Amino acid sequence: MGRSWSDLAVFIAKRLAQLVPVLLGVVIITFFFTHIAVSNPCAIWSGPKASPATIDACIRNNHFNDPLPVQFYYYLEGLLSGNWGVDPLFHLPVLPYLLSTFPETLELVLTATAMMIFVGIPLGVVAAASNGRIADHLVRIFYLSGWATPTYIAGVILAIGLGPLLGVTGGDFSTTSAPVPQITHMSVLDAIIALNPSATGDAIVHLILPALALAFLNMGIATRMTRSSMLEILPLDFVKTAKMKGLGDFWVLYKHALRNALITTTTVLGVTAGTMVSGTVVIESIFKWPGIGLYAYDAITGYDFAGTIGVVIFFAIVVVVANMISDILYGILDPRVAWR
Amino acid sequence: MSLDLLPGRVAGIVGETGCGKSTLGHSIPRLLPEPPAKVKAGKIVFQGTDLLRLPKWRMPGIRGTGIGMIFQEPINSLNPAFRVGDQIAESVRIRKLRERGLIPGIKPEVKGYDYSKRELPKASDVVTGPFIPPNVSQTIKGRGPPMTREIHAEVLDFLRLVRINDPERIVNLFPHELSGGMRQRIMIAMALSGKPALLIADEPTSALDVTIQAQVLTLMKELMEEVRTSILFISHDLGVIAEMADDLGVMYAGHLVEFGPVGEIFESPRHPYTKALLRSIPNKYKDEGALPSLSGSVPNLSHLPDGCTFHPRCPLARDVCKHKPEPPLAPLPPGPQGLLHKSACFFPEEVPTMP
């Protein structure tokens, strides 16, 4: 049948195996782009007042005089043995830093995705149910305004306009005020694990605006997809069957019709969530959110090759895994689909 | 158009494609999407209530236990995302909650007939509510609260009612795992499980292939005798209607042109359109050459001709048919059987001698 748990395990294994060529491609492209674009960043890394000896040492340490394929070999060797290189400014290893910043971004993206699911999808249902009438237009205005707003403007308005109302001053939304043990590196989750209600509240307050900004900008995708697939589903006979059972409008729409409309929405949402992780760069810099997006920005502008490649690797993993999750959900939602 | 459905009787509706049969069927439980559809005038009186004057939010209370419906295409009429057992259970649950007064809606009249006696109800004990086997399954199996187990047992009963022999297996399947005939049985079981006082069957067999059609028709025929609910049976197939219905209504271009007992209409049609329609049935036994057919086609419903809508194709048409607005559906003098027979023709007495 292709729908049992063992089929699912095989499906996941296959998808994860696909990660290998994807990652190799991503690493090759990023490595050669960065190293060809700036063939010798040692002068920048060492600062304006560095002595020629320091720069020479830097070049020697990083093999910048070797041919590119050789440099790539050294990099790949380090990558596979867990040494993802060091940050040129502070000489800190890249991997632990990525591992601590990535969950922060994940927290932001998951919260934004949850908002898209619990606000965007019902709005799509409302729009489809009142197709062409006033509620439909209001919903369209809402999500189009989100789509049409440039990220930096929406973010700045929320950060400066609403931030102080929530008690976040200086536009710094990183939750550093409440010291709780960093176990998952997700501020809300850490505060909950530490059983610290005030820290939890504080973490949520800090999370809500950046997540809202991210969700508002992408809301249109969830709403629009839901609306259009609902419009395809609503004229079908099984919706009439559901009505003829005596079900009220709510159950007809949200149980019978939405369940089928979700199949397409889920696919799109999975892809969106994957790209949202890499799209948080601007949002994170505006809100000073200590996530991987902010790190990506710093790494790229600071000629931090190891950091840039590391970030890209994480983004690639997220996109592949998000797609995999949406495909799994697709199979759960649609009983006609087998996991292959 | 005007149509009276009597309790416990099966009324058939025939007509060509596009004459408004399905629209009629969908307009009774107000299933037509509004807008664009709009019922401009008229009354749909069901158990003393005019459904058209009922606020929209009260319609769900009428559906299911009041009016049930079977749709044309079983491929589309079951929700692909849920197991068929759960879909029937939903319908049973709604009825049970209404029977107990927990949710608003029409309560089915539980004038049940004891199915275990295995004898058919007599025509004299016509019941407005259908009868359904009261718990054929002796043991109530399954887990969960009593209500859930009761519902589960009833779901199995209804599946047995539509002659599904292994309901325990079928309840766990999804619609796409079933054949067209099976799906239509499930659909019939689902409609019946609400114990509706009126069942609308909108071309229930047209989308099935011929052998399955025969099976489903036989099943419906049997169920009609057992269940004794009022049925509006819509079909374009005169043979099917002749088999299934007690009364027959013939529709042309959105109008009911003739209504009466099936036997009498087949014997002596009193509307030229009905007569032409009956002539177009091929004779099973001998080759009579080309079948007689009417020239022209059903007019566009938004540009109906003046006068009688049938006059451009009618061999009996004369001046009065072209100008005088549509003839009313008038009762005819009693026929041989003395049953009510109506025709919407200016000259019904000329139809028997129609060329």
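Note that the protein sequences, when read in sequence, are chains A and B. The first sequence: position 103 = 102 (numbering that gives the first Met the number 0), numbered continuously. The second sequence: position 93 = 92 (numbering that gives the first Met the number 0), numbered continuously. Using N, Cα and C, we set each Cβ at its ideal position, and we do this for glycine too. All of these numbers come straight from a predicted model, not from anything done at the bench.
Around the C-beta of residue 78 of chain B, 16 or more other C-beta atoms lie within 10 Å, and the residue is accordingly described as buried. Every alpha helix (DSSP H) of 4 residues or more that sits fully in the region 221 to 289 of chain A is shown, in chain order, as 236 to 243, 257 to 277, 279 to 286. When C-beta distances to chain A are compared with 9 Å, the residues of the region 153 to 180 of chain B below that value are 173, 174, 175, 176, in chain order. Close to residue 14 of chain B, with beta-carbon spacing below 9 Å, lies no residue of chain A; the smallest spacing is near 21 Å. Residue-level contact by beta carbon holds for residue 236 of chain A and chain B, with a gap shorter than 9 Å. Close partners of residue 333 of chain A in chain B (Cβ separation under 9 Å): 79, 80. Taking a C-beta distance under 9 Å as the contact criterion, residue 246 of chain B and residue 268 of chain B do not qualify as a contact pair. Residues of chain B whose Cβ lies closer than 7 Å to the Cβ of residue 255 of chain A are, in chain order, 78. Between residue 263 of chain A and residue 325 of chain A the beta-carbon gap is near 11 Å, outside 8 Å, which marks them as no contact. Note: residue 254 of chain B is bridge-paired with B:251 in the DSSP secondary-structure output. Of all residues in the region 125 to 139 of chain A, none places a beta-carbon less than 7 Å from a beta-carbon of chain B. Annotated as distal: residue 68 of chain B and residue 207 of chain B, with beta-carbon spacing of 9 Å or more.
Going by DSSP, residue 38 of chain B is part of no beta strand (DSSP E) at all; its letter is neither H nor E. Residue environment analysis places residue 212 of chain B among the buried positions, since at least 16 neighbouring C-beta atoms fall within 10 angstroms of its C-beta.
Of all residues in the region 28 to 50 of chain B, those with a C-beta nearer than 9 Å to a C-beta of chain A are 28, 30, 32, 34, reading in chain order. If you draw a straight line from the Cα of residue 99 of chain B to the Cα of residue 25 of chain B, it comes to about 29 Å. A:109 is the residue among A:166, A:125, A:109 whose C-alpha sits nearest the C-alpha of residue 211 of chain A. Chain order gives the chain B residues near residue 241 of chain A as 78, 86, 89, where near means a beta carbon separation below 9 Å. Residue state for residue 58 of chain B is assigned as helix, using DSSP reduced to three classes.
As computed with DSSP, residue 48 of chain B is found in a beta bridge with B:45. Listed along the chain, the chain A residues whose CB falls inside 7 Å of the CB of residue 107 of chain B amount to none; the nearest CB is some 11 Å away. Interface annotation, residue 258 of chain A: in contact with chain B, CB-CB separation under 9 Å.
Relative to the Cα of residue 205 of chain A, the nearest Cα in the group A:286, A:10, A:32 belongs to A:286. Less than 9 Å separates the beta-carbon of residue 275 of chain A from that of residue 217 of chain A. Taking a beta-carbon distance threshold of 9 Å, residue 248 of chain A counts as an interface residue toward chain B.
With a 10 Å radius around the Cβ and a threshold of 16 neighbouring Cβ atoms, residue 69 of chain A comes out exposed. The way I'd put it, the region 292 to 305 of chain A does touch the region 74 to 86 of chain A; three or more beta-carbon pairs between them come closer than 8 Å. Scanning chain B for C-beta atoms nearer than 8 Å to the C-beta of residue 244 of chain A yields 62, 63, 89, 90, 93, 189, 193, reported in chain order. When C-alpha distances from residue 311 of chain B are compared across B:342, B:105, B:279, B:252, the shortest belongs to B:252. At a cut-off of 9 Å between C-beta atoms, residue 184 of chain B does not count as an interface residue with respect to chain A. Non-local beta-carbon contacts of residue 220 of chain A in its own chain, meaning distances under 8 Å to residues more than five positions away in sequence, involve 115, 119, 267, 268, 271 in chain order. Interface annotation, residue 224 of chain B: not in contact with chain A, CB-CB separation never under 9 Å. Comparing alpha-carbon positions, the option among A:148, A:224, A:257 lying closest to residue 215 of chain A turns out to be A:148.
Linking residue 228 of chain B to residue 298 of chain B through their CA atoms gives a straight-line distance of about 35 Å. The C-beta of residue 70 of chain B comes closer than 9 Å to at least one C-beta of chain A. In the three-state reduction of the DSSP assignment, residue 185 of chain A falls in the coil class.
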